[in-house]
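Working notes, beginning with the structure itself.
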Amino acid sequence: MRRAVAIGLKIPDNAAYTALVTLRRLGIDVARVERADIVRFADAPDEATALMAAVERDESLYNPNKHRVTVLETDAPRVGEVWIVQDNVDRPVGWRLYRSPDLPADTATLTQAAERLLCNPAIERAIFPK
Amino acid sequence: MRGCSNRAAHPGHRLADVAVALRPDELARIRERLGREPTLVELHAFDAQWSEHCSYKSSRHLLKKLPTTGTAVVLGPAEDSGILHLGEWNGERYGIVIAHESHNHPSQVVPFEGAATGIGGIVRDVLCMGAHVIAVADPLRFGTIDDPHSHQRYVAQGVVDGISAYGNAIGVPNIAGDCYFDSRFDDNCLVNVVSMGIVKESEIIHSYAPRRADGWDIVLVGKATDPSGFGGASFSSLTLDAQDEDSNKGAVQVPDPFLKSVIMRASYRVFAYLRELGVAVGFKDLGAGGIMGCSAEIVSAGGYGAKIDLEAVNVAIEGMRPEVIAVGETQERLLWVVPPAVTPELLRIYNEEFTLPEIAYNARATTIGTVTAEKRYVLRYHDQTVMDVEIDFLTGSIRDDLPFTEPTVPAATAERPLVTGVQLDELIERVLAHGDVCSREPLYRRYDSVVRGCTVIPRGAGDAGVLAPVPGSSLGVALAVAGNPRMSHIDVRLAAEHAVYEAVRKVAATGARAIGLTDCLNFGNPRKIEHYNDLVAAIDGLARAAGRFNSPFVSGNVSLYNESANGRAIPASPIVSCVGAFNDIATVVTMPLKSAGSVLYLIGTPQLALGGSVLLDVLGRSDEHLPRIDYDATIAQHDLMYAAAQARLFRSAHAIGNGGLITAICEMAFAAMRKGRASIGAQIHDAWQWTHGSVGDLEAYFGEAGGFLVEVAADDVEAFEGLADDVTGVHEIGVTIERPVLVVDDQAFDLHRLHSIWNTPLREVYP
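Residue numbers (this note's numbering), protein chains in the order written: chain A, 1 to 130; chain B, 1 to 767.
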């Protein structure tokens, strides 16, 4: 089955912090920003634990000293998350925005963030939660 | 006895339980001196400050053998960087600030971040001397990378990505470096980093509290302190093993080059403000040992003590333990010692004009303590004294006298049979495709080597990177690195001499005059006598060669314990960088062949000894003898190089190194291809004509005894030969031709085909 994992940093993420500060400067109301590389598998194991184990064995994807892996429920952005996909590269970057520490951002906020900062329309496109 | 109210380490506490690497005898010494149990903060402070990384406890006394003085030395190895006199322009004396470090262990565990923070750290070492940072360089040693899924390849890729990501982001060109692949680095890569800056000698800032600094402010600048890097100093002095990777992750340092870029520019603004005031201050990089290590060293070097309030430190996470705030090695931080009257403007520049707090979470400049006349180091936290020790005991009292065997000078090379039974055409392609010879372009093309707009020879276009660092002036500076692990495996002492010789040779090949050196000594566990013997022998060799080349060491670093728990150590790796100076940058010599019809000269003498050569590696043979260095002849050859460059008699030049003369010729032709001169080839005379049978053809073509290959225009031959008249080892070996082939022994090799062979191997690793 087709599945995706989000590989984020467990060490401080400077890019996410810079995005947070910049979004606020742009007047977009966000409290927290998380960033992750989204890796999609066309023929993934059914069991999330098996997929997780497979990812953790692949050093080109995962370094235990800096990464945290989350197996996603579906092959699509989560609530509060926008995927930015570069043309011809099937490796989106997932930006998860929060209005308050635990409240994911709504689609309007995500759209605004993508259009004004996160997505370069010349070479990238944004995928929003359904 | 001074009282400390922070929780004392329990007398029976196992040191490993509190994650410190102090030895029991060291702890006993601390207890005896304090007259009590050390507090946890003190335990971690001594752990960091007495680590090999900070204290050089087993090498400092050996390093005194190295020559560190000379006419070009402005500042020897006493502070964060050394400084060499470059030249004068418009009545100002300019100095080149140079520093050299390693980030080996962190890069093995977390390659991208480890290598990036290596660049970040070395740049701060140069910046804090009041200099503008103008270049970095990266000598790298990786394991075998043939398996695309191997950890070694992951490390080799991540390190290069980290170096490029950081260096490019801060806008500092990467102009020099080298890279070896060798299975003996499978468990421990080497990531050495060099940085260079330019400073007016009248505007140098020192890494110590100046005179009459009692009562001055201690100001911390930069990123908010967090737990990253906690234990980094002792971590870099412990043996690394894959099993420990998880527990080691606290030592991972997180780079932030964009914050660093702003801090650098804000610091340049502070330099200008201090020049207006005409006040001497202290400025120092926070590296190993964090706030404690930096603040203790900067005041102790000036003969003072300090009182630091850890609550005043800007932190990223509330509730951090005092030992973590004190010793953690969060990146992107520096520390000033300034008069209180200066502090408000200094804080304004960083916090308001350059808005540090808006760039990274809780980044800022903030006053954290005071310089004291009493020579004690005191840390306060939550109204309690958590550390109170004699500062000289903390920063300067540790030394390990480890046993070693005095190095012996190996016997002179005996007459040995020539390499026979192999054909030239078999060898050329295999040598050019060898991992230590093939093109590094896939690697260094990730680096910006021309940012700042003062690069004269960028990475890959010459043996050394060359800059014109003072706008409008004729001054130039060259930087090269060297250190051949294939040689050190055979004879460490002579390999160290060759490291100096190669670095100086690369600088000389650009027409510069070598003015000084730095070193990074990468070795295994010094408590194993064989490794300590290697360290002693290497320093002996460095000292001998530097003395003969009249090139003093002005800064350096020692990286020991490059060894896994299974006892597998790296080959002894003394790595050297050399700074060269140009009075007139117009005399620079580049590597690409320029035109057909020139005469090619070898300046150097081929030898029978092939130990450590690529030739023997591809043949699967060994030789226990390295080429000897005939210093008198070599120095005369270097003088000739300089004189001929000054007289503008060279059209191109290349130092002969890995792969020998044939490789050098090919690389000069390949460099010409990149410049659009794809039709220039070379024809080499029969080797017998210029070796007169002293060595065989293969030793002549592939030997790695050093020397230069130079291109002289036909019109300049008489002038060049006049200069070379009294110099031994100058041989006319061939001509350049208007055909893209290399003709050797009546065989013509297509240079485009050879280029493809040479240019391909690393493309898969660095796509």
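Note that CB positions come from ideal geometry on N, CA and C, so glycine has one too.
So, helix, strand or coil for B/Gln384, using DSSP?
strand
For B/Ile145, the three-state DSSP class (helix, strand or coil):
coil
Runs of 3 residues minimum, wholly inside the segment 539-582 of chain B: which ones carry the beta strand (DSSP E) assignment?
553-559 and 573-582
According to a CB-to-CB cut-off of less than 7 Å, which residues of the segment 135-167 of chain B neighbour chain A?
His151 and Tyr154
If we count Cβ pairs, one from each stretch, closer than 8 Å, do we get three or more for the segment 176-186 of chain B versus the segment 213-226 of chain B?
no
Per DSSP, which residues does B/Val219 bridge with? Please list them.
B/Trp336 and B/Thr367
Determine the chain B residues that contact A/Ile7 at a beta-carbon separation under 9 Å, and present them in chain order.
Going along chain B, no residue has its Cβ under 9 Å from A/Ile7, so there is no contact; the nearest lies around 14 Å.
Cβ pair A/Pro185, A/Ile127 closer than 8 Å
A query on residue 185 of chain A cannot be resolved here, the shown segment of chain A reaching from 1 to 130 and no further.
Mind listing which residues of the segment 342-370 of chain B have their C-beta closer than 7 Å to chain A's C-betas, in chain order?
Glu358, Ala360 and Tyr361
Any C-beta of chain B sitting closer than 8 Å to the C-beta of A/Tyr17?
yes
Per DSSP, which residues does B/Thr455 bridge with? Please list them.
B/Leu467
Looking at the structure shown, is A/Ile11 part of a helix, part of a strand, or coil, going by DSSP?
coil
Taking DSSP as the reference, what is the three-state secondary structure of B/Cys294?
helix
Determine the contact status of B/Val622 and B/Leu615, defining contact as a CB-CB distance below 8 Å.
The identity of residue 622 of chain B in the sequence shown is Ser, whereas the question assumes Val. It is not a contact, given that the beta carbons lie outside the stated cut-off.
What are the boundary residues of the alpha helix (DSSP H) that A/His67 is part of?
That residue, A/His67, is in no alpha helix (DSSP H); its beta strand (DSSP E) goes His67 to Val71.
A/Ala44 - containing beta strand (DSSP E), residue span
From DSSP, A/Ala44 is part of no beta strand (DSSP E); its letter is neither H nor E.
Sequence-distant residues of the same chain with beta carbon closer than 7 Å to B/His685, five excluded per side:
Ile733 and Gly734
Three-way DSSP call (helix, strand, coil) for B/Asn174 in this model:
strand
Within the continuous beta strand (DSSP E) that includes B/Lys307, where are the two ends?
Gly305 to Asp309
So with CB distances below 7 Å, who are the chain A contacts of B/Val110?
Asn63, Asn65 and Lys66
By the criterion of Cβ-Cβ separation under 7 Å, what are the contact partners of A/Val69 in chain B?
Correct list: empty, because the minimum Cβ distance to chain B is about 15 Å.
Cross-chain neighbours of A/Pro129 in chain B, by beta carbon under 8 Å
Near A/Pro129 there are no residues of chain B at all, since even the closest Cβ is about 27 Å away, more than 8 Å.
Given A/Ala36 as reference, the closest of A/Leu103, A/Asn120 and A/Trp95 once Cα atoms are compared:
A/Trp95
Do B/Cys54 and B/Gly293 come within 8 Å of each other at the CB atom, strictly closer than that value?
yes
CB of B/Glu624 within 8 Å of CB of B/Ser679, strictly
no
Taking the alpha carbon of B/Tyr94 as the point to measure from, which residue in B/Val136, B/Ser473 and B/Gly460 has its own alpha carbon closest?
B/Ser473
Decide if B/Thr634 is buried, meaning its Cβ has at least 16 other Cβ atoms within 10 Å, or exposed.
buried
Is the beta carbon of B/Tyr377 sitting closer than 8 Å to the one on B/Ile391?
yes
Three-state secondary structure assigned by DSSP to B/Val121:
Residue identity check: residue 121 of chain B is Gly in the sequence provided, not Val. Note: B/Gly121 maps to helix in three-state DSSP.
Would you verify that the beta carbon of B/Asp256 is, or is not, closer than 8 Å to some beta carbon of chain A?
yes
Distance, Cα to Cα, A/Ala4 vs A/Thr74?
7 Å
For a contact defined as C-beta to C-beta under 8 Å, what are the partners of B/Glu42 on chain A?
Those do not exist, as B/Glu42 stays about 28 Å from chain A at its closest Cβ, beyond 8 Å.
Assuming B/Gly659 contacts B/Phe702 under a Cβ cut-off of 8 Å, what Cβ separation, rounded to an integer in Å, is found between them?
7 Å
Buried or exposed by the 16-neighbour rule on C-beta atoms within 10 Å, applied to A/Ile123:
exposed
Take every Cβ of the segment 55-70 of chain B, pair it with every Cβ of the segment 182-190 of chain B, and state whether three or more of those distances are shorter than 8 Å.
no
Candidates B/His103, B/Thr760 and B/Ser59: closest to B/Ala433 by CA position
B/Thr760
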